[in-house]
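What follows is a set of notes on a single structure, which appears directly below.
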Amino acid sequence: MPGHRETPPPSSPSSPSSIAIPSRVGLADAAAAPPLSAAQQQFNTLVERIAEERAQLDTWNTAIAAYQQRYARELQPLIRDYHAIHVELVQWLDTEATSRMGLSKSMQQTAGEVIASMAAYLADGVLDENTRAAMQALHARYGPEQGPAPAPPAPSAAPAPAPPSDAPGEDAAADDASPEAILERVEAQMRADQARVEAERQRHRAQRARKPTARERREQEAAQQAGQSVRSVYRQLASALHPDREPDPAQRDRKTALMQRVNLAYAADNLMDLLQLQLEVQQIDPDHLARLGEERLAHYNQALAAQLAGLQRELRAIQDDFKGRFGMTAPGQLSPQSLDRHVRAQAQQLQEDIADWRLQRRALEHPAELKRWLKAQSAAWRAR
Numbered sequence: 004m005p006g007h008r009e010t011p012p013p014s015s016p017s018s019p020s021s022i023a024i025p026s027r028v029g030l031a032d033a034a035a036a037p038p039l040s041a042a043q044q045q046f047n048t049l050v051e052r053i054a055e056e057r058a059q060l061d062t063w064n065t066a067i068a069a070y071q072q073r074y075a076r077e078l079q080p081l082i083r084d085y086h087a088i089h090v091e092l093v094q095w096l097d098t099e100a101t102s103r104m105g106l107s108k109s110m111q112q113t114a115g116e117v118i119a120s121m122a123a124y125l126a127d128g129v130l131d132e133n134t135r136a137a138m139q140a141l142h143a144r145y146g147p148e149q150g151p152a153p154a155p156p157a158p159s160a161a162p163a164p165a166p167p168s169d170a171p172g173e174d175a176a177a178d179d180a181s182p183e184a185i186l187e188r189v190e191a192q193m194r195a196d197q198a199r200v201e202a203e204r205q206r207h208r209a210q211r212a213r214k215p216t217a218r219e220r221r222e223q224e225a226a227q228q229a230g231q232s233v234r235s236v237y238r239q240l241a242s243a244l245h246p247d248r249e250p251d252p253a254q255r256d257r258k259t260a261l262m263q264r265v266n267l268a269y270a271a272d273n274l275m276d277l278l279q280l281q282l283e284v285q286q287i288d289p290d291h292l293a294r295l296g297e298e299r300l301a302h303y304n305q306a307l308a309a310q311l312a313g314l315q316r317e318l319r320a321i322q323d324d325f326k327g328r329f330g331m332t333a334p335g336q337l338s339p340q341s342l343d344r345h346v347r348a349q350a351q352q353l354q355e356d357i358a359d360w361r362l363q364r365r366a367l368e369h370p371a372e373l374k375r376w377l378k379a380q381s382a383a384w385r386a387r
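Numbering (the working numbering), first residue to last: 4 to 387.
This is the structure we're talking about:
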């Protein structure tokens, strides 16, 4: 994931109504100077929030990298053990329990349902290709094709409550399985999809035909002005730093490196870094921003606000991607500082689950316990 350089924190102002320090973009508010205008205060606030957001991105990227290392080192071996126990159990149910434990025909059918459900779950989760193929074969033998299976219920899962009285019974299920019913459902779904597409098309047509409101026009104009301000700063830097115009080889190398930074900042609409580069190459002095007119400063603020929004979107995307890849579905806010606790909690839970399943596996050698467990597991799987 891309990292983001952390901007230094606010520093004490060095001169009235000027850049606080040459290495940081910002407007100083010294006691002897006139108070900063609303636009100047907004500029400083945006600069500080951008710095904070970048620091958050850096913190998250560092924490996620550390979590990935701990996940591979501490959790993946436990997950493999957890899967191995279930693979052995499914294979035992297939080869031993269904043939040598004196199960009735109905109980053998229940065992088949449990085997199919567990095999589907394992086929989605195990990494070993041979094991995955074996689980897929068991699922194909014992159950119909289904989507991704949920995780297996707890070893001692109790039977789920009976379905509500208005749930369809066996006759309704048989009717639903008829070719006519299937065809009718497919056609109804196609009609619904076509209606949604047409409604969306009409909505887009209405939006194109509708004239923008005064507020929308103002927002569009402000965004255009902000973009022009970013382009203006970029052109000033490019004019001063273009390496092709530099005869001295050492200076040409320096300008080449600076232009790479300029191009990266411009490609990202990163006004703050462009202003930072102007300070660095002394294209502007620390008092430059304080002398800006209110209109130009408003355009800068618009560009900085867009930059801040982009950083916030990037942070949310990083968090969402992390949660999705590692199954972080528990309620509550995640933070970089909490990831270590998550690793410890997950490891402890896996260790407890593995111990429980090992005990349960030994108990299943007794026919009475096997029958009780199969009924409970079948009910729990159906409830998911």
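Ideal Cβ placement from N, Cα and C applies to all residues, glycine included.
Bear in mind that the values here come from a model prediction, so they are computed numbers and not experimental data.
Note down the Cα distance separating Tyr85 from Gly313, rounded to an integer number of angstroms. 41 Å
Identify whether Ile287 lies in helix, strand or coil by the three-state DSSP scheme. Three-state DSSP puts Ile287 in coil, outside helix and strand.
Out of curiosity, what's the CA-to-CA distance linking Ser120 and Thr332? 22 Å
Alpha helix (DSSP H) segment containing Gln112, residue limits: 108 to 128
Classify Leu373 as buried or exposed, calling it buried when 16 or more other Cβ atoms lie within 10 Å of its own Cβ. buried
Would Phe402 and Tyr124 qualify as a contact pair, given that the criterion is a beta-carbon distance under 8 Å? Nothing can be reported for residue 402: it is not among the residues displayed for the chain, which extend from 4 to 387.
Measure the beta-carbon distance from Ile88 to Arg364 and round it to whole angstroms, keeping in mind my assumption that it falls under 8 Å. So it is a contact: roughly 7 Å between Cβ atoms.
Spatial neighbours of Ile53 within its chain, please: CB distance less than 8 Å, with the 5 preceding and 5 following residues excluded, ordered by chain position. Thr10, Met275, Leu307, Gln310, Leu311, Leu314
Got a sec, what are the start and stop residues for the alpha helix (DSSP H) Asn64 sits in? 41 to 73
Cα-Cα separation, Val93 to Ala122: 7 Å
Taking only the alpha-carbon atoms, compute the straight-line gap between Ser109 and Gln380 and give it to the nearest angstrom. 15 Å
So what's Ala371 in DSSP terms, helix, strand or just coil? helix
Nearest CA to the CA of Leu278: which residue from Thr62, Arg234, Asp356? Arg234
Note the first and the last residue of the continuous alpha helix (DSSP H) segment covering Gln336. First-last for Gln336: undefined, no H or E at that position.
Looking at His302: is its Cβ nearer than 8 Å to the Cβ of Ser232? yes
Straight-line Cα distance separating Glu56 from Glu368: 57 Å
Here's a check: name, in chain order, each residue in its chain whose Cβ is nearer than 6 Å to the Cβ of Gln281, leaving out the five neighbours to either side. Ile287
If you follow the alpha helix (DSSP H) that Thr134 is in, where does it begin and where does it stop? 132 to 145
Less than 8 Å between the beta carbons of Ala114 and Leu141, yes or no? no
What are the boundary residues of the alpha helix (DSSP H) that Thr259 is part of? Annotation for Thr259: the continuous alpha helix (DSSP H) segment containing it runs 252 to 270.
Report, in whole angstroms, the separation of the C-beta atoms of Leu130 and Ala350, which I expect to be a contact under 8 Å. Their Cβ separation, rounded to whole angstroms, is 18 Å, which puts Leu130 and Ala350 out of contact at 8 Å.
Please state if the CB of Leu240 and the CB of Lys258 are separated by a distance shorter than 8 Å. No, they are not a contact pair.
DSSP three-state call for Asn304: helix, strand or coil? helix
Since His89 is in the alpha helix (DSSP H), which residue starts that stretch and which ends it? 79 to 95
Just how far apart, CA to CA, sit Ala226 and Trp360? 60 Å
Would a C-beta distance cut-off of 8 Å place Pro370 and Gly105 closer than the cut-off? yes
Starting from Asp359, trace the alpha helix (DSSP H) in both directions and tell me its first and last residue. 342 to 366
Closest to Asn47 by C-alpha separation, out of Trp384, Gln305, Arg76, would be which residue? Gln305
What three-state label does DSSP hand Leu295 in the structure shown? coil
I'd like to check one pair, Leu49 with Leu318: are the Cβ atoms closer than 8 Å? no
Taking the alpha-carbon of Ala68 as reference, which of Leu362, Trp376, Ile321 has the nearest alpha-carbon? Ile321
Go through its chain and collect everything with a Cβ distance to Ala143's Cβ below 7 Å, but skip five positions before and after it. none
Reduced DSSP secondary structure (H/G/I, E/B, other) of Pro37: If DSSP states are grouped into helix, strand and coil, Pro37 belongs with coil.
Checking 8 Å against the spacing of the C-beta atoms, do Met262 and Pro246 come in under that value? Taking the C-beta atoms as reference points, Pro246 is found nearer than 8 Å to Met262.
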